[in-house]
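Number of protein chains: 2
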Amino acid sequence: MDKKYDALKLENQLCFPLYAAAREVVKRYHPYLDELDITYTQYITMMVMWEEKEITVKALGEKLFLDSGTMTPVLKSLEAKGYVTRKRSTTDERSVSVFLTDSGEALKEKAVDIPAKVAGCVGLDGEEALQLYRLLYKVLNTEK
Amino acid sequence: MDKKYDALKLENQLCFPLYAAAREVVKRYHPYLDELDITYTQYITMMVMWEEKEITVKALGEKLFLDSGTMTPVLKSLEAKGYVTRKRSTTDERSVSVFLTDSGEALKEKAVDIPAKVAGCVGLDGEEALQLYRLLYKVLNTEK
DNA sequence: CTCAATTTAATTGAGTTCAACTAATTATAG
DNA sequence: CTATAATTAGTTGAACTCAATTAAATTGAG
Chain A
258 MDKKYDALKL ENQLCFPLYA AAREVVKRYH PYLDELDITY TQYITMMVMW
308 EEKEITVKAL GEKLFLDSGT MTPVLKSLEA KGYVTRKRST TDERSVSVFL
358 TDSGEALKEK AVDIPAKVAG CVGLDGEEAL QLYRLLYKVL NTEK
Chain W
258 MDKKYDALKL ENQLCFPLYA AAREVVKRYH PYLDELDITY TQYITMMVMW
308 EEKEITVKAL GEKLFLDSGT MTPVLKSLEA KGYVTRKRST TDERSVSVFL
358 TDSGEALKEK AVDIPAKVAG CVGLDGEEAL QLYRLLYKVL NTEK
């Protein structure tokens with residue numbers, strides 16, 4: 258009958274399984290990303306680069322929900338691996354543009370099987386996965 | 258028609274919104290946790306302590322899906338703040354037990370309003386929140 | 001019993017994340 | 001034009017996360 262503290266129980270949290278599931282699923286990528294010698298953050302950054310070819314640091318950060326404190330070291334690391342180059346814009350010298358290199362483009366070929374390999378690890382059927390997808394984007398979009 | 262690389266598009270990922278939403282929601286706790294001078298990881302650790310009063314580091318890590326490399330510094334920090342104590346078990350000296358202090362118990366009173374304050378930030382109604390909860394635990398439990 | 005395997009915490013190192021701050025550049029109000 | 005505000009990357013410092021390793025203690029096979 259003493260329900261005063263029920264809201265503080267771990268099992269009653271929505272945030273906690275979100276936080277835990279995110280870490281668990283990212284871990285599933287590790288063995289496959291290790292083969293490419295990139296991390297998960299580098300992987301999602303490359304996903305954007307494969308689609309955009311060229312993009313500013315700011316736009317990249319907005320797509321990934323990450324700020325420059327995170328993006329800068331990730332981009333420096335990808336640049337060191339030869340997958341992207343960075344160049345300060347000539348039209349607006351405050352902004353820096355990131356460019357996909359040929360080597361970065363070639364990496365896509367080695368990554369193409371990763372989504373299928375990881376898909377099975379989530380443990381949801383197609384309908385459930387779609388539901389989860391929609392709910393997560395609803396959370397992401399109502400945040401602000 | 259060239260769908261070969263569609264699976265590598267950010268918008269087709271399930272993992273990415275999971276990862277991004279988790280970080281966004283954890284951020285929502287920040288202003289409230291700042292008032293208690295604890296971090297999110299320390300907060301969920303205290304949630305377990307408020308329920309258990311005493312628990313081993315291993316059991317704590319299993320509940321939170323975190324390993325000793327994460328738990329040890331979190332517990333040392335909570336110990337420094339006076340909310341828990343740590344003592345190596347006398348019956349099995351490999352294991353360390355964590356104990357809730359009176360000060361830690363008192364902190365519960367200051368935290369009791371946090372879940373309600375944060376609940377509104379998720380942007381889901383009751384039914385959606387329950388769906389998301391179930392799907393996340395399904396992911397968590399099928400992992401292994 | 002004895003020694004190899006297992007269990008448990010802790011440590012280390014690399015990478016991530018974010019808040020706060022800085023420096024440089026650009027935009028804008030007056 | 002000029003001073004102020006806003007924008008953009010980058011840096012710094014604190015905390016988190018995890019893989020890999022270490023050290024100590026316990027368990028179990030023979």
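Protein chains in written order, with our numbering: chain A, 258 to 401; chain W, 258 to 401. We put the CB at the ideal spot given by N, CA and C, even for glycine.
Nearest neighbour of residue i, chosen from the options [CA to CA]
i: Ser325 of chain W; options: W:Val305, W:Val353 and W:Ala337; result: W:Val353
i: Ala277 of chain A; options: W:Arg285, W:Gly318 and W:Ala376; result: W:Gly318
i: Val314 of chain A; options: A:Asp349, A:Ile295 and A:Asp291; result: A:Asp349
i: Val283 of chain W; options: A:Val282, A:Leu275, A:Glu281 and A:Gly361; result: A:Leu275
i: Cys272 of chain A; options: W:Asn269, W:Asp291, W:Glu311 and W:Tyr300; result: W:Tyr300
i: Tyr297 of chain A; options: A:Glu311, A:Ala279, A:Ala264 and A:Lys260; result: A:Ala279
i: Lys367 of chain A; options: A:Leu265, A:Asp294 and A:Arg285; result: A:Asp294
i: Lys266 of chain W; options: A:Ala363, A:Glu309 and A:Gly377; result: A:Glu309
CB contact flag (residue i, residue j, <8 Å)
i: Trp307 of chain A; j: Lys365 of chain A; result: yes
i: Val355 of chain W; j: Leu332 of chain W; result: yes
i: Tyr262 of chain W; j: Val379 of chain A; result: no
i: Lys385 of chain A; j: Leu392 of chain W; result: It should be noted that the sequence gives Glu, not Lys, for residue 385 of chain A. Yes, these two residues count as a Cβ contact at 8 Å.
i: Phe322 of chain W; j: Glu281 of chain A; result: yes
Close-in-space but distant-in-sequence residues of the same chain around residue i (CB under 6 Å, 5 per side omitted)
i: Ile371 of chain W; result: Tyr289
i: Thr302 of chain A; result: Val331
i: Ser346 of chain A; result: Ser352 and Ser354
i: His287 of chain W; result: none
i: Lys260 of chain A; result: none
Limits of the unbroken beta strand (DSSP E) element including residue i
i: Glu311 of chain W; result: Glu311 to Thr313
i: Leu357 of chain W; result: Val353 to Leu357
Residue i: first and last residue of the uninterrupted alpha helix (DSSP H) it sits in
i: Thr342 of chain A; result: It is not in any alpha helix (DSSP H) - Thr342 of chain A instead sits in the beta strand (DSSP E) that spans Val341 to Arg345.
i: Cys272 of chain A; result: Cys272 to Leu293
i: Leu332 of chain A; result: Ser325 to Ala337
i: Thr296 of chain W; result: From DSSP, Thr296 of chain W is part of no alpha helix (DSSP H); its letter is neither H nor E.
i: Tyr262 of chain W; result: Counting along the chain, Tyr262 of chain W falls outside any alpha helix (DSSP H), and DSSP gives it neither H nor E.
i: Leu413 of chain W; result: Given that chain W is displayed from residue 258 to residue 401, the structure contains no residue 413 of chain W and the question cannot be resolved.
i: Lys374 of chain A; result: Ile371 to Ala376
Residues of its chain near residue i, where Cβ-Cβ distance is below 8 Å and the 5 sequence neighbours each way are ignored
i: Leu381 of chain A; result: Leu389
i: Glu249 of chain W; result: With chain W represented from 258 up to 401, any question about residue 249 of chain W goes unanswered, as that position is not in the structure.
i: Lys344 of chain A; result: Val353, Ser354 and Phe356
Chain-order list of residues whose beta-carbon lies under 7 Å from that of residue i (same chain, five-residue window excluded)
i: Val341 of chain W; result: Met306, Leu332, Leu335, Val355, Phe356, Leu357, Thr358 and Gly361
i: Gln270 of chain A; result: none
i: Met328 of chain W; result: Val314, Leu317 and Gly318
i: Gly339 of chain A; result: Thr358 and Ser360
i: Arg285 of chain A; result: Val375 and Cys378
i: Lys320 of chain A; result: Val305
Cβ-heavy atom distance, residue i to the ligand FAD, below 7 Å
i: Ala373 of chain W; result: Summarising the ligand content, the structure contains no ligands, and the ligand FAD is consequently not present.
Are the stretch 335-347 of chain W and the stretch 391-399 of chain W in contact at 8 Å, needing three or more beta carbon pairs?
no
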